[in-house]
Amino acid sequence: MQVLNLIREFELQRMKDSDTIKNYSDKLLSIANKVRLLGSEFTDPRIVEKILVKVPKRYEATITSLENTKDLSKISLAELRNVLQAQEQRRLMRENTTTKGALAAKHQNMAKIQKKKDFEGNGATTASASAKGKNENQKKSYPPCKHCRKKGHPQFRC
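Here the sequence shown stands for residues 1 to 158, numbered as in this note's numbering.
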């Protein structure tokens, strides 16, 4: 009964998007080793087949490449794991550099905006610049709106 339960657990295992190849293959290997300890035969090609079928779509290109270059019935578990982990690390590196680049660009834009605000006064002192900033925070006085006859907003916002 234990062997049947472990085999069922093995068959139900799915790789989540948050899982890494290492974690997923370790789960499968753990179950396979428990089955082997109970005396039943459990081969590595079965684990390889399971990984090839159940990994997310983001690995599809790598698997297709493997199909075109190697005989998947003879590929070892270690070789498959290494190929998929390499692809996973390349993807993570690309995501990290994109994020870093995006943050750097945002930081540069914020610095430009700040410089522009600092130089808007055309040589004004910091005291007059801070007074100008205080005036900007207060409500601007607009003439009465033609539509509602209320003050405090431009006509196009009514």
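Using N, Cα and C, we set each Cβ at its ideal position, and we do this for glycine too.
Only a predicted model underlies this, so the values are computations on that prediction, with no experimental measurement involved.
Pick from the options that is closest to residue i, judged by C-alpha positions
i, options, result
"residue 82", "93, 73 and 62", "62"
"residue 44", "71, 153, 77 and 3", "77"
"residue 52", "38, 19, 12 and 80", "80"
"residue 55", "7, 84 and 29", "84"
"residue 50", "24, 69, 34 and 65", "24"
"residue 72", "40, 46, 152 and 58", "46"
"residue 32", "14, 6 and 142", "6"
"residue 10", "19, 34 and 97", "34"
"residue 4", "19, 154 and 41", "41"
"residue 91", "8, 156 and 59", "59"
"residue 48", "12, 29, 95 and 38", "29"
"residue 2", "39, 96, 97 and 57", "39"
"residue 57", "36, 17 and 37", "17"
Start and end residues, alpha helix (DSSP H) containing residue i
i, result
"residue 53", "44 to 54"
"residue 26", "21 to 37"
Cβ neighbours of residue i in the same chain (closer than 6 Å, five flanking residues each side left out)
i, result
"residue 158", "145, 147 and 148"
"residue 65", "none"
"residue 36", "42"
Own chain partners of residue i with C-beta closer than 7 Å, once the 5 adjacent residues on each side are dropped
i, result
"residue 88", "20 and 21"
Same chain, Cβ closer than 8 Å to residue i, five either side skipped, listed in chain order
i, result
"residue 151", "141, 142, 143, 144 and 145"
"residue 13", "24, 27, 28, 31, 50 and 54"
Quick one: any contact between the stretch 17 to 34 and the stretch 83 to 97, if contact means 3 or more CB pairs under 8 Å? Yes, the stretch 17 to 34 is in contact with the stretch 83 to 97.
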